[in-house]
Amino acid sequence: MEKLRLEVLLRFGEDPKSGEIGEVFQCVLDFLSSFSAAQQSFEAGGAAAAAAGGGKGEAEDQSSRAVDNKLSAMKKGTFRRRAGSSVGNH
Amino acid sequence: MEVGGVKHVRERIDILCWLHEYNEKMSGLEPDVEHVTAALTELNTAKSFAELLALVLAVGNYMNGGSFRGGAAGFKLDALNKLADVRSTTQPGKTLLDFMVKFICQHHQGVAAKLVSELGNVGSAAKVAYSNISTELNSLKGSVRATLSKLDKVKDVAGMRSRNFAFGETRWF
Chain A
1007 MEKLRLEVLL RFGEDPKSGE IGEVFQCVLD FLSSFSAAQQ SFEAGGAAAA AAGGGKGEAE
1067 DQSSRAVDNK LSAMKKGTFR RRAGSSVGNH
Chain B
-18 MEVGGVKHVR ERIDILCWLH EYNEKMSGLE PDVEHVTAAL TELNTAKSFA ELLALVLAVG
42 NYMNGGSFRG GAAGFKLDAL NKLADVRSTT QPGKTLLDFM VKFICQHHQG VAAKLVSELG
102 NVGSAAKVAY SNISTELNSL KGSVRATLSK LDKVKDVAGM RSRNFAFGET RWF
């Protein structure tokens, strides 16, 4: 369990000595609950938004494509790393 | 049979008492340890969560563009909860979290569908005070050592051998 705890802390960029695993759990839990609430709200308003879509659609598609391109670049490893960043050293 | 004739009576009684106490403490700790271990494993292996983090990073880097904040290789987990604080300048009431959710539901449906279920144990693990179970386990570890040395004293009798003595089925340390 302790080994797993250290692994998770390192994975999420926390200091293994001072990092609190409880805070990581709480942080993820809070996010999951906001995510679920936003998801429910999106699904509930989905039909109405689709009906009112029209002109906004193209701009949204463009920004979605840009995000997907960024994600593909990151996955290919062609993404530059910010100078001085220690993330990913572990 | 005379009690006085039995060798190491004190140690034997101590070991029996300790064994009872040990099993009781272990069964009390077991559910917490299981929740924490399961949640840690989920955080380490959940593909949908890793995908979500990659998407959040991509969106953050896209938004920050060529500025000094752009090109980040990662972010701290607490940034996840700040997504809901970034408000849209064009759509009142909408936040970056709403955009992320919409984007994920439309383009990465697998992530949206599995995210909550893949991290099912995080909720129960968040209620556990890790420092408490860690202290308890360390104290048990100390008592195991002390008991093993007592067993060494009496191991010649009745075929008890401390090296092969199993403390229940599960040992976490």
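Line by line, the protein sequences give chains A and B.
Using the working numbering, read the first sequence as starting at 1007 and increasing by one per residue.
Using the working numbering, read the second sequence as starting at -18 and increasing by one per residue.
Using N, Cα and C, we set each Cβ at its ideal position, and we do this for glycine too.
Treat the numbers as computed from the prediction; the structure is a model and nothing was measured.
> With a cut-off of 8 Å, do at least 3 Cβ pairs link the stretch 1033 to 1045 of chain A to the stretch 91 to 108 of chain B?
Replying inline: Cβ pair count under 8 Å is three or more, so yes.
> Considering Ser115 (chain B), what are the terminal residues of the alpha helix (DSSP H) in which it resides?
Replying inline: Tyr111 to Val135
> Are the Cβ atoms of Ser1040 (chain A) and Leu100 (chain B) separated by less than 8 Å?
Replying inline: no
> When the cut-off is 8 Å and only beta carbons count, does Lys1023 (chain A) lie next to chain B?
Replying inline: At least 8 Å separates the CB of Lys1023 (chain A) from every CB of chain B.
> Got a sec: which bits of the stretch 45 to 60 of chain B sit with their beta carbon under 7 Å from any beta carbon on chain A, in order along the chain?
Replying inline: Along the stretch 45 to 60 of chain B, the positions whose C-beta sits under 7 Å from a C-beta of chain A are Gly52, Ala53, Ala54, Gly55, Lys57, Leu58 and Asp59, read in chain order.
>> So that I know if they touch, is there some Cβ in chain A lying closer than 8 Å to that of Arg144 (chain B)?
In response: With a pLDDT of only 49 at Arg144 (chain B), under the threshold of 50, the placement of this residue in the model should not be trusted; the figure read from the coordinates follows. When Cβ-Cβ separations below 8 Å define contact, Arg144 (chain B) makes no contact with chain A.
> Would you call Lys57 (chain B) buried or exposed, if buried means 16 or more other Cβ atoms sit within 10 Å of its Cβ?
Replying inline: Looking at its Cβ environment, which holds fewer than 16 other Cβ atoms inside 10 Å, Lys57 (chain B) is exposed.
> For a contact meaning CB atoms closer than 7 Å, what does Val82 (chain B) contact in chain A?
Replying inline: Phe1041, Ala1044, Gln1045 and Phe1048
>> Given this structure, state the Cα-to-Cα distance separating His16 (chain B) from Val103 (chain B), to the nearest angstrom.
In response: 8 Å
>> Looking at Leu36 (chain B): is its Cβ nearer than 8 Å to the Cβ of Ile114 (chain B)?
In response: no
> Relative to the alpha-carbon of Asp59 (chain B), which residue among A:Gly1025, A:Ser1042 and A:Gln1046 has its alpha-carbon at the smallest distance?
Replying inline: A:Gly1025
> On the three-pair Cβ rule with 8 Å, is the stretch 37 to 50 of chain B touching the stretch 122 to 132 of chain B?
Replying inline: no
> By the criterion of Cβ-Cβ separation under 8 Å, what are the contact partners of Leu1010 (chain A) in chain B?
Replying inline: Residues of chain B whose Cβ lies closer than 8 Å to the Cβ of Leu1010 (chain A) are, in chain order, Thr18, Leu21, Thr22 and Asn25.
>> What does the alpha-carbon distance come out to for the pair Gly962 (chain A) and Tyr111 (chain B)?
In response: The displayed coordinates of chain A run from 1007 to 1096. Any statement about residue 962 (chain A) would go beyond what the structure contains.
> With distances taken from CA atoms, which of B:Leu(-3), B:Ser98 and B:Leu61 is nearest Ser124 (chain B)?
Replying inline: B:Leu(-3)
> Thinking C-beta only, is Arg1017 (chain A) closer than 8 Å to Phe25 (chain B)?
Replying inline: In the sequence on display, residue 25 (chain B) carries Asn and not Phe. Yes, these two residues count as a Cβ contact at 8 Å.
> Hey, how far is the Cα of Met81 (chain B) from the Cα of Asp(-5) (chain B)?
Replying inline: 60 Å
> Leaving out five residues before and five after His(-11) (chain B) in sequence, what residues of the same chain have Cβ atoms less than 7 Å from its Cβ?
Replying inline: Within the same chain, Cβ atoms closer than 7 Å to the Cβ of His(-11) (chain B) are found at Lys134 and Val135, the five residues on either side in sequence being excluded.
>> Let me confirm a value: Ser29 (chain B) is counted as buried when at least 16 other C-beta atoms fall within 10 Å, else exposed. Which label applies?
In response: Of the residues assessed, Ser29 (chain B) falls on the buried side of the cut-off, its CB having 16 or more other CB atoms within 10 angstroms.
> For Thr76 (chain B), does the three-state DSSP call read helix, strand or coil?
Replying inline: Strand.
> Is Ala53 (chain B) closer than 8 Å to Leu38 (chain B) when the C-beta atoms are compared?
Replying inline: yes
> When the distance is taken between beta carbons, is Glu117 (chain B) closer than 8 Å to Leu10 (chain B)?
Replying inline: yes
> Does any residue of chain A bring its CB to less than 8 Å from the CB of Gly123 (chain B)?
Replying inline: Gly123 (chain B) does not count as touching chain A.
> Looking at the structure shown, is Arg50 (chain B) part of a helix, part of a strand, or coil, going by DSSP?
Replying inline: coil
>> At the 8 Å Cβ level, is Leu1038 (chain A) part of the contact set with chain B, yes or no?
In response: yes
>> Looking only at its chain, what residues have a beta carbon closer than 6 Å to the beta carbon of Leu1015 (chain A), apart from the 5 residues adjacent to it on each side?
In response: Counting only Cβ-Cβ distances below 6 Å, and skipping sequence neighbours, we find Pro1022 and Gly1025.
> How many whole angstroms separate the CB atoms of Val97 (chain B) and Ser1042 (chain A), which I take to be in contact at a CB cut-off of 8 Å?
Replying inline: 6 Å
> Just reading off the alpha helix (DSSP H) that Arg68 (chain B) is part of, what are its end residues?
Replying inline: Per DSSP, Arg68 (chain B) belongs to no alpha helix (DSSP H) and is neither H nor E.
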